[in-house]
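Asker:
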Amino acid sequence: MWVKTIVVLPYLPTTDDLLEWELSDVAKSTGDLKNSYHVFDDEIDYILEFIESGRPRNKRRHSKLTKIHHRLEGVNCPICLVDFRENQKEIRYDWDLRSVEHIISLDFGGVTNEANSILICRSCNIAFSDMIRGLLPIRVTIHGDGRIGGKKKKGDSKRKRIRTPKQISSMPNDWKERIYKQYLFQRIVVHSVPLVKRDLPDLWNDFWENKLKQIEVSNRMMIKNNPDYIPTEPDFSRLDIL
Ligand SMILES: [Zn+2]
Numbered sequence: 001m002w003v004k005t006i007v008v009l010p011y012l013p014t015t016d017d018l019l020e021w022e023l024s025d026v027a028k029s030t031g032d033l034k035n036s037y038h039v040f041d042d043e044i045d046y047i048l049e050f051i052e053s054g055r056p057r058n059k060r061r062h063s064k065l066t067k068i069h070h071r072l073e074g075v076n077c078p079i080c081l082v083d084f085r086e087n088q089k090e091i092r093y094d095w096d097l098r099s100v101e102h103i104i105s106l107d108f109g110g111v112t113n114e115a116n117s118i119l120i121c122r123s124c125n126i127a128f129s130d131m132i133r134g135l136l137p138i139r140v141t142i143h144g145d146g147r148i149g150g151k152k153k154k155g156d157s158k159r160k161r162i163r164t165p166k167q168i169s170s171m172p173n174d175w176k177e178r179i180y181k182q183y184l185f186q187r188i189v190v191h192s193v194p195l196v197k198r199d200l201p202d203l204w205n206d207f208w209e210n211k212l213k214q215i216e217v218s219n220r221m222m223i224k225n226n227p228d229y230i231p232t233e234p235d236f237s238r239l240d241i242l
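Take 1 as the starting number for the sequence shown in the numbering used here and just add one per residue.
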């Protein structure tokens, strides 16, 4: 059976949108957020429907991702403003590496293409993933022969990793609201830090906790590989974090 997949691409906010958001009242509830940021409704509906359906996520396409990485332009992380470090075709873990983020993540039904990609630094990228981890149950492997979990069989093209209907039905009652806020946070923070600080302050704090932790982890990994490694000293003074 061939199932047609509908792919929704992320809406690109205009300067008018940003102006309108800045002039709107502080969001005190999810209802307020939905009113102010309604331009993201289509993609949010798509994401929630995708998660609820239990469909497997799209494959990570490394070669395509590399091409996109080369094509996208940008010298600073739009969130933490650090100058990107380029990795000269070697494997590195620096917190300030230039990295491609799927705007609608693969886990939310996104695809690897340029319209769904944005450059952010590695530690901001991982901070997003760390925020999402725990929001959704971990996928289980369903093998071609019907087994759930256990050893992989070579050449099993029917193997897929999904969330089972049982896993999905036992997610906490507020999962849609939490996914909604997380997604909205990620969409807005790359355009305006003041807006997320104003309208999604809890997520902003959570993001920074994760990001600072990730900087430490990255530095430790790099020093383990090369004791002479000197990490980039974070300077977020322009950001006004708190
Ligand atoms: Zn960053």
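Glycine included, C-beta positions come from ideal geometry on N, C-alpha and C. As the structure is a prediction and not an experimental result, all values here were calculated from the model.
Anyone know if the C-beta pair for Gln214 and Ile126 falls short of 8 Å?
Answerer: Reading the sequence shown from its first residue, position 214 is the one you call residue 214. Reading the sequence shown from its first residue, position 126 is the one you call residue 126. In contact: Gln214 and Ile126 (Cβ atoms closer than 8 Å).
Asker: If contact is defined by three or more beta carbon pairs under 8 Å, each pair taking one atom from either stretch, is the stretch 72-83 in contact with the stretch 167-181?
Answerer: Short answer: they don't touch.
Asker: Using the rule of at least 16 other Cβ atoms within 10 Å of the residue's Cβ for burial, across every protein chain shown, is Asn219 buried or exposed?
Answerer: Walking along the sequence shown from the start, residue 219 turns up at place 219. Counting Cβ neighbours within 10 Å, Asn219 comes out buried, since at least 16 surround it.
Asker: Thinking C-alpha only, which one of Arg92, Asp45, Trp21 is nearest Asn226?
Answerer: Residue 226 sits at position 226 when you count from the first residue of the sequence shown. The candidate whose alpha carbon is nearest that of Asn226 is Arg92.
Asker: State the CB to CB distance for the pair Ile104 and Asn113, rounded to an integer number of angstroms; the pair is presumed to be in contact (CB under 8 Å).
Answerer: Your numbering for residue 104 matches position 104 in the sequence shown. Your numbering for residue 113 matches position 113 in the sequence shown. At roughly 10 Å, the Cβ-Cβ gap does not stay under 8 Å, so Ile104 and Asn113 are not in contact.
Asker: Start and end of the beta strand (DSSP E) containing His69?
Answerer: Numbered from its first residue, the sequence shown carries residue 69 at position 69. That residue, His69, is in no beta strand (DSSP E); its alpha helix (DSSP H) goes 62-71.
Asker: Which of the three DSSP states, helix, strand or coil, is assigned to Ile120?
Answerer: Against the sequence shown, residue 120 aligns to sequence position 120. Residue state, collapsed to three classes: strand.
Asker: Whole angstroms is fine: what's the gap from Gly149's alpha carbon to Ile142's?
Answerer: Working through the sequence shown from its first residue, we reach residue 149 at position 149. Working through the sequence shown from its first residue, we reach residue 142 at position 142. Approximately 6 Å between the Cα atoms of the pair.
Asker: Would you check whether ligand 1 has a heavy atom nearer than 7 Å to the C-beta of Ile126?
Answerer: Within the sequence shown, the letter at position 126 stands for residue 126. It does not: the Cβ of Ile126 is nowhere closer than 7 Å to a heavy atom of ligand 1.
Asker: Nearest by alpha-carbon distance to Leu136: which of Lys176, Val75, Glu90, His69 is it?
Answerer: Here residue 136 corresponds to residue number 136 of the sequence shown, with the count starting at 1. Considering only alpha carbons, the answer is Lys176.
Asker: Is any heavy atom of ligand 1 found at a distance shorter than 7 Å from the C-beta of Val100?
Answerer: Numbered from 1 along the sequence shown, position 100 holds the residue referred to as residue 100. No.
Asker: Taking only the alpha-carbon atoms, compute the straight-line gap between Thr15 and Ser192 and give it to the nearest angstrom.
Answerer: As a working note, residue 15 is residue 15 in the sequence shown. As a working note, residue 192 is residue 192 in the sequence shown. In a straight line, the C-alpha of Thr15 is about 11 Å away from that of Ser192.
Asker: Hey, which unbroken runs of the beta strand (DSSP E) at 3 residues or more fall wholly within the stretch 75-109?
Answerer: Qualifying beta strand (DSSP E) stretches, in chain order: 98-102.
Asker: Which residues in the same chain as Ser99 place their Cβ atom closer than 6 Å to its Cβ, once the five residues preceding and following it in sequence are excluded?
Answerer: Residue numbering aside, residue 99 sits at position 99 when the sequence shown is read from its first letter. Only Arg122, Asn125 meet the Cβ criterion.
Asker: Skipping 5 residues on each side, what residues in its chain have a beta carbon closer than 8 Å to that of Glu52?
Answerer: Reading the sequence shown from its first residue, position 52 is the one you call residue 52. Excluding residues within five positions, the ones whose Cβ falls inside 8 Å are Ile168.
Asker: Check whether the Cβ atoms of Val111 and Val190 lie closer than 8 Å to each other.
Answerer: Here residue 111 refers to the residue found at position 111 of the sequence shown. Here residue 190 refers to the residue found at position 190 of the sequence shown. No, these two residues do not count as a Cβ contact at 8 Å.
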